[in-house]
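**Student:** A single structure is presented below for examination.
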Amino acid sequence: MIVARLKKGKERMILNGYPWVFRDELLSIDGPQRLGEVNVFSYDYGFLGRGFYNPESNRAVMVLTNRDEDIGKVLFKRRIMRALRKREALYELPYYRLIHGEGDKLPGLVVDRYGEILVVQFRNRIVQSLKETIIETLVEETSPAGIYERSDFEMGVEDKIDRNTGLLYGEVPKRIEVIENGLKFLVDIEKSQKTGFFFDQRESRAFCSSLVKKLSLKKGLDLFSFTGAFGINMAAAGAEVICVDKSVEDLKLAKLNSELNGLDKCVQFAQSDVIDFIGRFEKDDAFDIVVLDPPSLVKHRKELSTGVGLFRDMIKGLLPLVRDRGVLGICTCAYNIGLEHLVEAVRRSTENSGITFSHLAVTLQSPDHPWLMQVPESLYLKCLWGTIEKE
Numbered sequence: 252m253i254v255a256r257l258k259k260g261k262e263r264m265i266l267n268g269y270p271w272v273f274r275d276e277l278l279s280i281d282g283p284q285r286l287g288e289v290n291v292f293s294y295d296y297g298f299l300g301r302g303f304y305n306p307e308s309n310r311a312v313m314v315l316t317n318r319d320e321d322i323g324k325v326l327f328k329r330r331i332m333r334a335l336r337k338r339e340a341l342y343e344l345p346y347y348r349l350i351h352g353e354g355d356k357l358p359g360l361v362v363d364r365y366g367e368i369l370v371v372q373f374r375n376r377i378v379q380s381l382k383e384t385i386i387e388t389l390v391e392e393t394s395p396a397g398i399y400e401r402s403d404f405e406m407g408v409e410d411k412i413d414r415n416t417g418l419l420y421g422e423v424p425k426r427i428e429v430i431e432n433g434l435k436f437l438v439d440i441e442k443s444q445k446t447g448f449f450f451d452q453r454e455s456r457a458f459c460s461s462l463v464k465k466l467s468l469k470k471g472l473d474l475f476s477f478t479g480a481f482g483i484n485m486a487a488a489g490a491e492v493i494c495v496d497k498s499v500e501d502l503k504l505a506k507l508n509s510e511l512n513g514l515d516k517c518v519q520f521a522q523s524d525v526i527d528f529i530g531r532f533e534k535d536d537a538f539d540i541v542v543l544d545p546p547s548l549v550k551h552r553k554e555l556s557t558g559v560g561l562f563r564d565m566i567k568g569l570l571p572l573v574r575d576r577g578v579l580g581i582c583t584c585a586y587n588i589g590l591e592h593l594v595e596a597v598r599r600s601t602e603n604s605g606i607t608f609s610h611l612a613v614t615l616q617s618p619d620h621p622w623l624m625q626v627p628e629s630l631y632l633k634c635l636w637g638t639i640e641k642e
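Shown next, in the form of structure tokens:
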């Protein structure tokens, strides 16, 4: 077995449950320079845990346990069952993220559950090397009708993976129907973004719906709408909505979702680049509620300034589209963009305008996407909600 020894003082985060040892934190690696199991020790040879070593990654060691235990199928079964019991207690219906990487102490593994169908992502070479064990355990513990892989996404330069997509087990239908907050949505797990549906916005969509009802908001705008989940929630609460997205295929599915819920007369669809749409929309035709939910604008910390600038420019362009005392919801799914950056973007966009952004709420990723205090990266989704006051 490979043996890793950390530099002095680098053991504290590992003992506190942080799963990653970065290459510059290693004092030495004894054993073959290949992907394989590793025992991790402190500078003074105290045992810290066991995991896997990846010589090709800056995240060189993944620590899976702080115990002196086997890290085979028994450990994966225990972690998967713990995650499953948590979701079953939280949700009456089996539509949720079953495994959320570091949040479920299985870094790099993502599993979404659509009833009897599972969609998996392997986000680093370590979990990818354990694919057979993971799939076998999922089949034994959840008895799915089918498992589909969607590991065809862009990763950072530090983790080179095989970009695979396709059926891994059983059979999978072309489209799946899920139910969330009493609404139905069709999911195309083969062609849609990532694993097909963004369960992480469940609480934010419910909050958005409640605002429409409580404040009697009549006209809504859903920007970067994907397959229309925010917009359809607004429409179900009583608003007339425009959903905007540049993807023709996603908007086709959004239209089907509106029809599935009997809301097709309340929702319009605009195929457009969102920034172009904001720039050319009639400014005197203001909305009661606008939701801005872009894809990740910052994949690396060095891009932070650019990402915050994009938010600032979009918010500034949106302000004329929100009526006085209307609601603006701003979301980011980028870990590197914190709530403080959204606040700064709002502050800068309203400078010298006479406009006030009055806080209503902050919503985060839903609890089937757990974040651990010991793993800051596991908190990535933040939504800032407020009223736009122009008087």
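First residue of the sequence shown? That's 252 in this note's numbering, and the numbers climb one at a time after it.
Don't be surprised by glycine CBs; every beta carbon is placed ideally from N, CA and C.
Checking the sheet assignment: what are the DSSP bridge partners for Ser279?
**Tutor:** According to DSSP, which records beta bridges pairwise, Ser279 is partnered with Arg256.
**Student:** If distances are taken between C-alpha atoms only, which option among Lys641, Ile588, Asp439, Gly354 comes closest to Glu500?
**Tutor:** The candidate whose alpha carbon is nearest that of Glu500 is Asp439.
**Student:** In terms of residue numbering, what span does the alpha helix (DSSP H) encompassing Gln379 cover?
**Tutor:** Per DSSP, Gln379 belongs to the alpha helix (DSSP H) from 376-380.
**Student:** Out of Gly268, Arg285, Pro283, Phe292, which one is the CA nearest neighbour of Leu277?
**Tutor:** Cα-wise, what sits closest to Leu277 is Phe292.
**Student:** Let me know if Val408 comes out buried or exposed under the rule of 16 or more other beta-carbons within 10 Å of its beta-carbon.
**Tutor:** Reliability fails at Val408, whose pLDDT of 44 lies under 50, so the model's placement of it is uncertain and the value that follows must be treated cautiously. Classification of Val408: exposed, given that the 10 Å Cβ count is below 16.
**Student:** Beta-carbon within less than 7 Å of Ala684's beta-carbon, same chain only, minus the 5 sequence neighbours each way: which residues are those?
**Tutor:** For the chain, the structure presents residues 252 to 642; residue 684 sits outside this window and is missing.
**Student:** Could you check what DSSP says for Lys470 in three-state terms: helix, strand or coil?
**Tutor:** Here Lys470 sits in strand by DSSP.
**Student:** Name the DSSP bridge partner or partners of Cys582?
**Tutor:** Note: Cys582 sits in a beta bridge opposite Cys634.
**Student:** Report the rounded CA-to-CA distance for Leu257 versus Met264, giving the unit in angstroms.
**Tutor:** Looking at the two C-alpha atoms, the distance is approximately 12 Å.
**Student:** With a Cβ-Cβ cutoff of 7 Å, do Val542 and Asp473 count as a contact?
**Tutor:** Contact flag set, yes.
**Student:** Terminal residues of the continuous beta strand (DSSP E) containing His551?
**Tutor:** His551 -> no beta strand (DSSP E), and no H or E assigned at all.
**Student:** In the DSSP assignment, the beta strand (DSSP E) including Glu491 goes from what residue to what residue?
**Tutor:** Here the beta strand (DSSP E) through Glu491 covers 491-496.
**Student:** Tell me, please, whether the segment 512-520 touches the segment 480-493 by the rule of three or more beta-carbon pairs shorter than 8 Å.
**Tutor:** Enough Cβ pairs lie closer than 8 Å, so yes.
**Student:** DSSP three-state label for Glu383, please.
**Tutor:** Glu383: helix per DSSP, three-state reduction.
**Student:** Taking just the CA atoms, how far does Asp539 sit from Arg531?
**Tutor:** Distance between the alpha carbons of Arg531 and Asp539: 18 Å.
**Student:** Please report how far the alpha carbon of Glu640 lies from the alpha carbon of Arg574, in whole angstroms.
**Tutor:** Rounded to whole angstroms, Glu640 to Arg574 spans 8 Å at the Cα level.
**Student:** If we count the other Cβ atoms within 10 Å of its Cβ and call it buried at 16 or more, is Asn512 buried or exposed?
**Tutor:** It is buried - the Cβ of Asn512 has at least 16 other Cβ atoms within 10 Å.
**Student:** With which residues is Thr416 paired in a DSSP beta bridge?
**Tutor:** Looking at the DSSP assignment, Thr416 forms a beta bridge with Arg401.
**Student:** So what does DSSP say about Glu431, is it helix, strand or coil?
**Tutor:** In the structure shown, Glu431 sits in a strand (DSSP, three-state: E or B).
**Student:** Is Phe448 near the ligand NAD, going by C-beta to nearest heavy atom under 6 Å?
**Tutor:** You won't find the ligand NAD in this model; it holds no ligand whatsoever.
**Student:** For the alpha helix (DSSP H) containing Val541, name the first residue and the last one.
**Tutor:** Val541 -> not in any alpha helix (DSSP H); beta strand (DSSP E) instead, spanning 538-543.
**Student:** What number of angstroms, rounded off, separates the C-alpha of Tyr347 from the C-alpha of Val578?
**Tutor:** Cα to Cα, Tyr347 sits roughly 28 Å from Val578.
**Student:** To the nearest angstrom, how far is the alpha carbon of Gly287 from that of Ile377?
**Tutor:** Approximately 8 Å, taken between the alpha carbons.
**Student:** Once the 5 residues before and after Met252 are set aside, which same chain residues still bring their CB inside 8 Å of it?
**Tutor:** Gly282, Gly287, Glu288, Val289, Asn290, listed in sequence order.
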